[in-house]
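**Student:** Just so you know, the sequences run in chain order A and B.
FYI, in numbering that gives the first Met the number 0 the residues of the first sequence are 0 to 145.
FYI, in numbering that gives the first Met the number 0 the residues of the second sequence are 0 to 145.
Glycine is no exception: its CB is placed at the ideal position from the N, C-alpha and C atoms.
Every value quoted in this text rests on a predicted model; they were computed, and no experiment measured them.
Quick one: the structure is below, and I'll ask about it shortly.
Number of protein chains: 2
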Amino acid sequence: MQISSRFTIAIHVFACMEVFGEDYKITSDFLASSINVNPVIIRKILSQLRNAGLIEVARGTGGTTATRPIDEITFYDVYLAVDLLEEGELFHFHENPNPNCPVGKNIHTALDDRLLHIQGAMEQEMKKYTIADVVNDIKKCLTVPK
Amino acid sequence: MQISSRFTIAIHVFACMEVFGEDYKITSDFLASSINVNPVIIRKILSQLRNAGLIEVARGTGGTTATRPIDEITFYDVYLAVDLLEEGELFHFHENPNPNCPVGKNIHTALDDRLLHIQGAMEQEMKKYTIADVVNDIKKCLTVPK
DNA sequence: ACAGATGTAACAATAAAGATTACAATATTT
DNA sequence: AAATATTGTAATCTTTATTGTTACATCTGT
Chain A
0 MQISSRFTIA IHVFACMEVF GEDYKITSDF LASSINVNPV IIRKILSQLR
50 NAGLIEVARG TGGTTATRPI DEITFYDVYL AVDLLEEGEL FHFHENPNPN
100 CPVGKNIHTA LDDRLLHIQG AMEQEMKKYT IADVVNDIKK CLTVPK
Chain B
0 MQISSRFTIA IHVFACMEVF GEDYKITSDF LASSINVNPV IIRKILSQLR
50 NAGLIEVARG TGGTTATRPI DEITFYDVYL AVDLLEEGEL FHFHENPNPN
100 CPVGKNIHTA LDDRLLHIQG AMEQEMKKYT IADVVNDIKK CLTVPK
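In structure tokens:
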């Protein structure tokens, strides 16, 4: 199973905020049209980003802005904000290994640490990329159209 | 969303083969009882491991054995065998960004490379651990009961 | 008060994982 | 050759999570 598209959608949201923020008000409808999903999905994701302190959403009047420079917002920040993993664990462990079996009783102990290391390697890599990196690439495509 | 329990189940399978292989015939029923899932689930996973060349399954008579020493079977081998990700991609991208929007048109280009690097970091870490590591830890628990 | 937004609940639709039943095919034993 | 135990696999069901949609209360500037 894959990691939910909430993650790529959230990054898309930030990209729109940066590219269009000066010329347009960034509403959930505006975002929904670029991302091509339902505005309510966007609003849920905006809520999560707001709860994580990454953005501010103007209630009533509408519009969204980042709370800090986008070169200080990493993929990891977004990943945490949109709450992709249940219990924060990447791997789904089979729930009820047999406690009367020597292997079943100890499989968790023998695996958990290593699974966390694997998850940790992924999360460390996520910290290396920022929203600014993505926006820079998009802007390159805009200024040098093929 | 989490990665399917097929992965931890498959590792559990190998651990049972190693720990019990000399004293018992490792059938899908035997495994199902230690892992505590349905035998048909086990048989599907065994099929995948067999297709990947990691094990041999004795048809008719029953029983399962690894095709090579377990210190040469990494988590990554198992991960590939049980086919956890659709299209091999860890991240689910929102399907239809608006091609008429400058951001929507280019978001894929700007993101794909970085997502692959993140996935790659996870997969590289998976190559560091073998079934033997897990079995050693389990055996420690057995010989030195608390 | 109005108009345009957001916040959120409720529920439907879709998709994937996992569970279960059933049975044909295979191999060993007697 | 028949009996037995097991694998291989199809079909179906249940459960769970995601995503989509409708509806509406709430908020804010005009």
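Tell me the rounded alpha-carbon separation between Val-12(B) and Phe-6(A).
**Tutor:** Between Val-12(B) and Phe-6(A), the C-alpha separation is close to 33 Å.
**Student:** By alpha-carbon positions, which one of Asp-76(B), Leu-114(B), Asn-135(B) and Met-121(B) ends up nearest to His-116(A)?
**Tutor:** Measuring from the Cα of His-116(A), the nearest candidate turns out to be Met-121(B).
**Student:** I believe Ile-34(A) touches Pro-96(B) by the beta-carbon criterion, under 8 Å. Please report the beta-carbon distance rounded to the nearest angstrom.
**Tutor:** Correct: roughly 6 Å between the Cβ atoms.
**Student:** Take Ile-2(A) and list the residues in its own chain whose beta-carbon comes closer than 6 Å to its own, dropping the five residues that flank it on each side.
**Tutor:** Leu-83.
**Student:** Does the Cβ of Glu-21(B) have 16 or more other Cβ atoms within 10 Å, making it buried, or fewer, making it exposed?
**Tutor:** Exposed.
**Student:** Got a sec? Which residues, its chain only, sit under 7 Å from Pro-98(B) by beta carbon, not counting five neighbours each side?
**Tutor:** Lys-104, listed in sequence order.
**Student:** Please list the partners that Ile-34(B) has in chain A, where partner means a Cβ-to-Cβ separation under 8 Å.
**Tutor:** Those are His-93, Pro-96, Asn-97 and Gly-103, listed as they occur along chain A.
**Student:** Quick check: what's the CA-CA separation for Ile-40(B) versus His-91(B)?
**Tutor:** Distance between the alpha carbons of Ile-40(B) and His-91(B) is about 25 Å.
**Student:** Starting from Thr-63(B) and walking both ways along the beta strand (DSSP E), at which residues does that stretch end?
**Tutor:** Counting along the chain, the beta strand (DSSP E) containing Thr-63(B) begins and ends at 63-65.
**Student:** Does any C-beta atom of chain A lie closer than 9 Å to the C-beta of Asp-28(B)?
**Tutor:** It does not: the Cβ of Asp-28(B) has no partner Cβ on chain A nearer than 9 Å.
**Student:** Mind checking which residues open and close the beta strand (DSSP E) that includes Val-77(A)?
**Tutor:** Not the beta strand (DSSP E): Val-77(A) falls in the alpha helix (DSSP H), residues 74-80.
**Student:** Counting only the same chain and skipping the five closest in sequence on each side, list residues whose C-beta sits under 8 Å from that of Val-133(B).
**Tutor:** Closer than 8 Å at the Cβ level, and outside the excluded window around Val-133(B), lie Ile-10, Phe-13 and Ala-14.
**Student:** Express the C-alpha separation of Val-102(A) and Asp-136(B) in angstroms, rounding to a whole number.
**Tutor:** Roughly 10 Å between the two C-alpha positions.
**Student:** Give a yes or no on whether the minimum CB-CB distance between Thr-119(A) and chain B is below 9 Å.
**Tutor:** One point to set straight first is that residue 119(A) is Gly, not Thr, in the sequence displayed. Judged by the 9 Å Cβ criterion, Gly-119(A) is in contact with chain B.
**Student:** Closest to Met-16(A) by C-alpha separation, out of Ile-130(A), Gln-123(A) and Glu-94(A), would be which residue?
**Tutor:** Checked all of Ile-130(A), Gln-123(A) and Glu-94(A); the closest Cα to Met-16(A) is Ile-130(A).
**Student:** Counting along the chain, where does the beta strand (DSSP E) carrying Ile-54(B) start and finish?
**Tutor:** First-last of the beta strand (DSSP E) with Ile-54(B): 54-56.
**Student:** Any idea what DSSP makes of Phe-92(B), helix, strand or coil?
**Tutor:** Coil at Phe-92(B), not helix or strand.
**Student:** Taking only beta-carbon atoms, is Ser-3(A) less than 9 Å away from chain B?
**Tutor:** Chain B contact via Cβ: present.
**Student:** Which residues in chain B have a C-beta closer than 8 Å to the C-beta of Val-203(A)? List them in chain order.
**Tutor:** Because residue 203(A) is not part of the residues shown, which for chain A are 0 to 145, the question remains open.
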